[in-house]
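**Student:** Take a look at this one; I'll ask things after.
Number of protein chains: 2
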Amino acid sequence: MYKATIIIKRRKSILDPQGKAVEQGSKLLKIDDISEVRIGKFIELNIDTSSREKANEELDKLCNKLLANLNIEDYSFTLEEIK
Amino acid sequence: MYKATIIIKRRKSILDPQGKAVEQGSKLLKIDDISEVRIGKFIELNIDTSSREKANEELDKLCNKLLANLNIEDYSFTLEEIK
């Protein structure tokens with residue numbers, strides 16, 4: 016069994032409107048020194064296999080076909096073996 | 016200047032419908048061994064201050080008032096000094 020942690024981020028070149036909204040919101044809280052806010056996804060899941068190779072393949076498939084929009088986002092993941 | 020990385024996760028006790036949807040979606044991709052999918056947020060931002068203490072305070076405020084819903088979510092962050 017593996018625990019996977021996936022991080023999905025917008026590419027630097029792509030505007031992040033949600034991040035801009037947070038930047039503006041921070042000013043309402045009188046916080047004036049925040050910039051470059053980028054909002055991505057942090058996904059955790061378990062994969063019930065004993066093969067790290069299979070887990071890697073499945074995660075690539077999952078990210079490519081379901082989780083990430085590869086036109087504007089990049090993904091990375093780590094795998095940790097658990098009992 | 017600091018670069019902050021914030022992770023916001025739903026509490027374990029709170030249902031994650033988006034995660035359930037991913038779990039179901041993975042079955043359509045013929046991936047059958049995925050479970051416990053939890054979808055959170057991964058936020059990066061810069062804070063233009065030389066005081067780590069001030070950066071910490073601002074991040075707490077930002078998470079409490081703007082980024083996290085403390086009824087169902089927990090947050091954590093790390094700070095890294097950059098030039």
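Protein chains in written order, with the working numbering: chain A, 16 to 98; chain B, 16 to 98. Don't be surprised by glycine CBs; every beta carbon is placed ideally from N, CA and C.
I want to see whether chain B comes within less than 9 Å of D48 of chain A, judged by CB atoms only; does it?
**Tutor:** yes
**Student:** Should D157 of chain B be flagged as near chain A, meaning a C-beta pair shorter than 9 Å?
**Tutor:** Absent from the structure is residue 157 of chain B, since the part of chain B shown begins at 16 and ends at 98.
**Student:** Name the DSSP bridge partner or partners of A83 of chain B?
**Tutor:** In DSSP, A83 of chain B forms no bridge with anything.
**Student:** So the candidates are B:D31, B:R26, B:K56; which of them puts its Cα closest to the Cα of D89 of chain B?
**Tutor:** For D89 of chain B, the nearest C-alpha among the options comes from B:R26.
**Student:** Quick one: which chain B residues come within Cβ less than 9 Å of L44 of chain A?
**Tutor:** Within chain B, the residues whose beta carbon sits less than 9 Å from that of L44 of chain A are E73, K76, L77, K80, L81, listed in sequence order.
**Student:** I need the straight-line Cα distance from D47 of chain A to I62 of chain B, nearest angstrom please.
**Tutor:** 9 Å
**Student:** Using 10 angstroms around the beta-carbon of E68 of chain A, count the other beta-carbons present and answer buried if the total reaches 16, otherwise exposed.
**Tutor:** exposed
**Student:** I want to verify the contact list: residues of chain B whose CB lies under 7 Å from the CB of L30 of chain A, in sequence order.
**Tutor:** Here the premise fails: no neighbours, minimum Cβ distance about 15 Å.
**Student:** Applying the 10 Å Cβ sphere with the 16-neighbour rule, what's the burial state of K24 of chain B?
**Tutor:** buried
**Student:** Please report how far the alpha carbon of A19 of chain A lies from the alpha carbon of I58 of chain A, in whole angstroms.
**Tutor:** 8 Å
**Student:** I'd like to know if K98 of chain B contacts chain A, where contact means its C-beta is closer than 9 Å to some C-beta of that chain.
**Tutor:** no
**Student:** Residue range of the beta strand (DSSP E) that R67 of chain B falls in?
**Tutor:** Premise fails: R67 of chain B lies in the alpha helix (DSSP H), 67-77, not in any beta strand (DSSP E).
**Student:** Express the C-alpha separation of L85 of chain A and N79 of chain A in angstroms, rounding to a whole number.
**Tutor:** 7 Å
**Student:** Indicate whether the contact test is met: 3 or more Cβ pairs, each with one atom in the region 89-98 of chain A and one in the region 39-53 of chain A, closer than 8 Å.
**Tutor:** no
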